[in-house]
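Heads up: the sequence lines are chains D and P, in that order.
Taking the working numbering, the leading residue of the first sequence gets 1, the next gets one more, and so forth.
Taking the working numbering, the leading residue of the second sequence gets 192, the next gets one more, and so forth.
Just so it is clear, CB atoms sit at the ideal spot from N, CA and C, and this is done for glycine as well.
This structure is a prediction, so every number in the text was calculated from the model and none was measured.
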Amino acid sequence: MFGNFKKQLRKWSRTIHRDLSFFFSGVIIIYAISGFVLNHKNKINPDYTIKTFDFNVAGNYPLLKDDFTKDRVLTILEPYNESGNYTKHYFPNDNSMKVFLKGGSSLAIDLTDGSGIYERVRRRPIISQMSRLHYNSYKWWIIFSDIFAFALIIITLTGLVMTRGKKGLLGRGGIELIIGILIPLGFIFFC
Amino acid sequence: MKKQHLLLLAFISLMAFSSCTGNKKTADSDVEQTTLSVDDLLATAEQETDKVVEVEGVCTHICSHGGKKLFLMGSDDSKTIRVESSDALGAFKSECANAMVLVKGKLKEERIDEAYLMKLENELAEGTAKEHGEDGEGCETEQKAQGQDSVSNEAERIKNFRARIAERNETEGKNYLSFYYIEADEYSIL
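Shown next as C-alpha cells:
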C-alpha cells in the first residue's frame with residue numbers, strides 16, 4: 001500500500017517536474033541572465049551602452065549664452081547625426097550648456113573654453129528587455145512571475161522525491177540538499 | 192486534443208500581451224485639459240493639489256530601479272517635478288529619457304515636517320531607511336528637485352530641511368515643506 005503510494009508519487013513527480021521545467025525554461029534563463037547582469041550592474045549597464053566623444057567649439061571664450069540658438073546647437077549635433085533627436089538645450093549655470101537628445105544621449109559644452117562632451121547612449125538589445133522583466137514592470141508579468149515562483153517550489157519538491165535509491169534524498173541527493181541549504185544560511189548568519 | 196491545447200495556449204498568450212501594449216489608459220472623463228509647463232504647474236501647485244493635471248516637460252531622468260519614477264524638467268533643473276507610475280501603468284518606457292513627455296495624472300503634495308525628519312533619523316540610525324538611486328547614494332535628480340543639490344549626505348539633508356522648515360514657519364506660518372509630484376494615469380512621448 002505505502003510502496004504503491006511512493007511509486008505513484010515518484011511517477012507524478014517526474015511528470016510534473018518534466019512538464020513544468022520545459023514550460024518555464026525560458027523564464028529561468030531570462031531570470032538567470034538578467035540576475036547575473038544586475039549583480040554586476042556597477043560594471044555592466046544592463047540597459048545602455050554609453051560612449052563619450054570630446055570636441056571643441058571654436059570662438060571667443062568665454063562663449064556667450066546668446067550665441068547658442070537652436071540652429072547653432074543643431075549644427076553642433078550634425079557630425080554625430082543627432083540633429084533630428086534635438087529635444088531642448090538649457091544652461092545649468094553661467095559656464096555650461098546642456099543639450100537633451102531623444103534616445104537618452106546628451107551633449108554638454110563648457111562655455112569658458114569651448115570644450116564639449118557628447119555622450120552617446122544606445123539601448124542594449126535583449127539584456128535591457130530581460131532586466132526590465134526582472135524588475136517586474138508589467139502587471140501581467142507580475143502575475144506570471146508569481147505563478148513561476150510557485151512553480152519553482154513545485155519543481156524543487158518534485159525534484160527531491162522523484163529519484164530513489166542512493167542518488168535520491170536518502171543518499172547523495174540528501175547530502176547535496178543539506179550543503180545547498182547551509183550555504184545561504186551561512187551568508188544569513190555570518191555575513 | 193493537441194489542437195485544443197494549442198488554442199488554449201494561444202488564448203492565454205493573447206490575454207497576457209493585450210494588456211501590456213501601449214502606455215495609455217482610458218481617461219475617466221472627457222473634460223478638456225489644459226497642458227501646463229512644469230514651471231506653471233509648480234507655480235500654481237498649491238491650488239492644483241489633488242486635481243488631475245496635464246503637464247509637459249523634458250524627462251531628465253528615469254529611476255533605474257524599476258523605472259516607475261521619472262522627472263520632468265521645465266525651464267531649468269530647479270523647476271523639476273517627479274512623476275510616479277501606478278502598478279497598472281507599469282514602468283515608464285526608457286524612450287522617455289531626454290525626450291519631451293506629456294503626463295496626465297493627479298497632482299499630490301508631499302509634506303516634510305519634523306515628524307517625517309525624526310522618522311527618517313530613526314530609520315537611518317537603525318539602517319532601515321529606504322535607499323534609492325544607484326548604490327543607495329540617493330537620487331541626485333530628486334535632490335535637485337527638492338533644492339538640495341549642494342547637500343552631500345543624509346545628515347546634511349535633514350539639517351537643510353530643518354533650516355528651511357524654520358524659515359517657512361517664520362515667513363508663512365507653515366511648519367512643513369511642500370513638494371509636489373504627479374501620480375500618472377497616462378503619458379506619451381511627444
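Within the 8 Å Cβ cut-off, does M291/P reach chain C?
In summary, chain C is missing from the structure at hand, where the protein chains are D and P.
What number of angstroms, rounded off, separates the C-alpha of F150/D from the C-alpha of M97/D?
For the purposes of this step, residue 150/D is taken as the residue at position 150 of the first sequence. For the purposes of this step, residue 97/D is taken as the residue at position 97 of the first sequence. Distance between F150/D and M97/D, taken at the CA atoms: about 52 Å.
At 3 residues or longer, and completely inside the region 8-84 of chain D: list those beta strand (DSSP E) runs for me, N to C.
48-56
So with CB distances below 7 Å, who are the chain P contacts of P125/D?
Along the first sequence, read from residue 1 onward, the residue named residue 125/D stands at position 125. Under the 7 Å cutoff, chain P gives no residues; its nearest Cβ is about 12 Å from P125/D.
Using a Cβ-Cβ cut-off of less than 7 Å, list which residues of the region 44-63 of chain D approach chain P; keep chain order.
Across the region 44-63 of chain D, CB contacts with chain P closer than 7 Å involve D47, in sequence order along the chain.
Determine the burial state of R172/D: buried for a count of at least 16 other Cβ atoms within 10 Å of its Cβ, exposed for fewer.
Residue numbering aside, residue 172/D sits at position 172 when the first sequence is read from its first letter. The residue is exposed, with fewer than 16 neighbouring Cβ atoms inside 10 Å.
For the region 226-246 of chain P against the region 293-304 of chain P, are there 3 or more C-beta pairs whose distance is under 8 Å?
Under the three-pair Cβ rule at 8 Å, the region 226-246 of chain P counts as touching the region 293-304 of chain P.
Listing by chain order, which chain D residues have their CB less than 8 Å from the CB of A375/P?
The residue you call residue 375/P lines up with position 184 of the second sequence. None at all; the shortest Cβ gap to chain D is about 14 Å.
Using the C-alpha atoms, what's the distance from E345/P back to I147/D?
Counting from one through the first sequence, the residue named residue 147/D turns up at place 147. Counting from one through the second sequence, the residue named residue 345/P turns up at place 154. Going by the C-alpha atoms only, they are around 39 Å apart.
Ignore the nearest five residues each way along the sequence and tell me which others in L160/D's own chain have a CB closer than 6 Å to its CB.
As a working mapping, residue 160/D is identified with position 160 in the first sequence. For L160/D, where only same-chain residues beyond five positions count, the Cβ hits under 6 Å are L169.
What first and last residue would you give for the alpha helix (DSSP H) that runs through F187/D?
Translated into the one-based positions of the first sequence, residue 187/D becomes position 187. In this chain, the alpha helix (DSSP H) harbouring F187/D covers 172-190.
What separation, rounded to the nearest whole angstrom, lies between the Cα atoms of I303/P and Q129/D?
Locating residue 303/P in the second sequence gives position 112, counting from the first residue. Locating residue 129/D in the first sequence gives position 129, counting from the first residue. Spanning the two alpha carbons is a distance of roughly 36 Å.
Just verifying my parser: in three-state terms, what is the DSSP assignment at V121/D?
Residue numbering aside, residue 121/D sits at position 121 when the first sequence is read from its first letter. It is a strand residue.
For the region 290-356 of chain P, list the beta strand (DSSP E) runs that are entirely contained and at least 3 residues long, ordered along the chain.
291-303
Beta strand (DSSP E) containing R273/P: first to last residue?
Counted from its first residue, the second sequence places residue 273/P at position 82. Per DSSP, R273/P belongs to the beta strand (DSSP E) from 271-276.
Could you work out which residue in I272/P, E300/P, K259/P is closest to G170/P when comparing CA atoms only?
Residue 170/P lies beyond the range of chain P shown here (192 to 381); nothing can be said about it.
Which whole-angstrom value describes the C-beta separation of V249/P and N289/P, a residue pair presumed to lie in contact below a C-beta threshold of 8 Å?
By 1-based counting over the second sequence, the position of residue 249/P is 58. By 1-based counting over the second sequence, the position of residue 289/P is 98. Correct: roughly 7 Å between the Cβ atoms.
Are the Cβ atoms of V57/D and I109/D separated by less than 8 Å?
Position 57 of the first sequence, counted from the first residue, corresponds to residue 57/D. Position 109 of the first sequence, counted from the first residue, corresponds to residue 109/D. The answer is yes: Cβ separation under 8 Å.
For K284/P, does the count of other Cβ atoms within 10 angstroms reach 16, so buried, or fall short, so exposed?
If you number the second sequence from 1, residue 284/P lands on position 93. Buried, since its Cβ has 16 or more Cβ neighbours within 10 Å.
Which whole-angstrom value is the C-beta distance of V121/D and I50/D, which I expect to be below 8 Å?
Working through the first sequence from its first residue, we reach residue 121/D at position 121. Working through the first sequence from its first residue, we reach residue 50/D at position 50. Rounded, the Cβ-Cβ distance is 5 Å, consistent with contact.
For E376/P, does the count of other Cβ atoms within 10 angstroms reach 16, so buried, or fall short, so exposed?
Within the second sequence, the letter at position 185 stands for residue 376/P. The question names Glu, yet the displayed sequence has Asp at residue 376/P. That one is buried.
Spatial neighbours of M309/P within its chain, please: CB distance less than 6 Å, with the 5 preceding and 5 following residues excluded, ordered by chain position.
Residue 309/P sits at position 118 when you count from the first residue of the second sequence. Contacts found: none.
If contact means a Cβ-Cβ distance below 9 Å, which residues of the region 132-146 of chain D contact chain P?
The residues in question are R132, Y135, N136, S137, Y138, K139, W140, W141, I142, I143, F144.
Helix, strand or coil: which one does DSSP assign to A234/P?
Taking the first residue of the second sequence as position 1, residue 234/P is located at position 43. It is helical.
Throw me the rounded Cβ distance for the D54/D and I126/D pair, which I believe falls under 8 Å.
Here residue 54/D refers to the residue found at position 54 when the first sequence is read from its first residue. Here residue 126/D refers to the residue found at position 126 when the first sequence is read from its first residue. Between I126/D and D54/D the Cβ distance is about 30 Å, and since that is not below 8 Å, they are no contact.
Within the continuous alpha helix (DSSP H) that includes K139/D, where are the two ends?
Taking the first residue of the first sequence as 1, we reach residue 139/D at position 139. 139-161 is the span of the alpha helix (DSSP H), which, as asked, contains K139/D.
Helix, strand or coil for S96/D? Go by DSSP, reduced to three states.
The residue given as residue 96/D occupies position 96 in the first sequence. S96/D: strand per DSSP, three-state reduction.
Determine contact between the region 90-104 of chain D and the region 261-273 of chain P, defined as no fewer than three beta-carbon pairs at a distance below 8 Å.
yes
Is the shortest distance between the beta-carbon of T112/D and the beta-carbons of chain P less than 8 Å?
For the purposes of this step, residue 112/D is taken as residue 112 along the first sequence, with counting starting at 1. Output row for T112/D: interface = no.
Start and end of the beta strand (DSSP E) containing H252/P?
Numbered from 1 along the second sequence, position 61 holds the residue referred to as residue 252/P. That run of the beta strand (DSSP E) goes 243-253.
Please list the residues of the region 265-286 of chain P that have a C-beta atom closer than 8 Å to any C-beta atom in chain D, keeping them in chain order.
S266, D267, D268, D278, A279, G281, A282, S285, E286
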